[in-house]
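This report refers to the structure that appears directly beneath it.
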Amino acid sequence: MGQEQRRARRFSVSMAVTLILRDTKNRLILADPLPGTLLDISFYGARLSVPHIRTGRYHLFYACNDDQDKVIQLEVIDKHGGERLVLPAHPVWFDHVFSSPSKHFELGLEFLVPPEDPNIAKLHAFLADQPPVAGGWLKRLFRLA
């Protein structure tokens, strides 16, 4: 098995998010919002934990891969500032974690906006204000960028 090659370094986080499945062509929300936890993030994407992979009659991974007009909106709400941040994304992988007592799913998302997008910078800045999971990684990230 080869070594993983990533475009950007990923950093561990732990933050509540909401996933919303949308049809961008018809401007519709297709299913109820799904709560999740952001586990790690880079400038290009994120890994999340969700309690289930289906929402309504849609499978988050297959619905988006079968129809490019369907996207997942990753929504983060800053409870202190009241700001709502939404990033469009496509799923690139999913896994059912049977070894966990909750038997949750993990989902890999690729952001549909470039790393230079202001919303990516806002998300990273917002995460920098959160308590660190493993040290002050985000402050180091902004020094590198």
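Okay, so the sequence shown: first residue is 50 according to my numbering, each after it adds one.
All residues carry an ideal CB built from backbone N, CA and C; glycine is no exception.
Inset, instruction - State whether the segment 99-106 contacts the segment 117-126, with contact taken as three or more CB pairs (one from each stretch) at a distance under 8 Å. - result: Segment contact: the segment 99-106 against the segment 117-126, fewer than three CB-CB distances shorter than 8 Å; contact not assigned.
Legend entry - Terminal residues of the alpha helix (DSSP H) in which Lys152 lies: From DSSP, Lys152 is part of no alpha helix (DSSP H); its letter is neither H nor E.
Legend entry - Opening and closing residue of the alpha helix (DSSP H) in which Leu176 lies: Annotation for Leu176: the continuous alpha helix (DSSP H) segment containing it runs 167-177.
Legend entry - Neighbourhood of Leu68 by C-beta distance below 6 Å, restricted to the same chain and skipping five residues each side: Excluding its 5 nearest sequence neighbours in each direction, Leu68 has C-beta neighbours in its own chain below 6 Å: Leu83, Gly85, Ile121, listed in chain order.
Inset, instruction - Consult DSSP for Asp115 and reduce its assignment to one of helix, strand or coil. - result: helix
Inset, instruction - Whole angstroms is fine: what's the gap from Pro150's alpha carbon to Asp144's? - result: Taking C-alpha positions only, Pro150 is separated from Asp144 by approximately 15 Å.
Inset, instruction - Give the DSSP bridge partners of Asp72, in chain order. - result: Leu77, Lys119
Legend entry - Own chain partners of Ala138 with C-beta closer than 8 Å, once the 5 adjacent residues on each side are dropped: Gly94, Ala95, Val120, Ile121, Gln122, Leu123, Leu158, Glu159, Phe160, Leu161
Inset, instruction - Check Phe92 in the structure and name its three-state DSSP category. - result: If DSSP states are grouped into helix, strand and coil, Phe92 belongs with coil.
Legend entry - Burial state of Ile90, where buried means 16 or more other Cβ atoms lie within 10 Å: buried
Legend entry - C-beta contact flag for Ala80 and Leu87 at 7 Å: For Ala80 and Leu87, no; Cβs fall outside 7 Å.
Inset, instruction - Enumerate in chain order the residues of its own chain whose CB-to-CB distance from Trp142 is below 7 Å, with the five nearest sequence positions on each side excluded. - result: Gly157
Legend entry - Range covered by the beta strand (DSSP E) that runs through Leu134: 133-145
Legend entry - Alpha-carbon to alpha-carbon, Ile78 and Asp72: 6 Å
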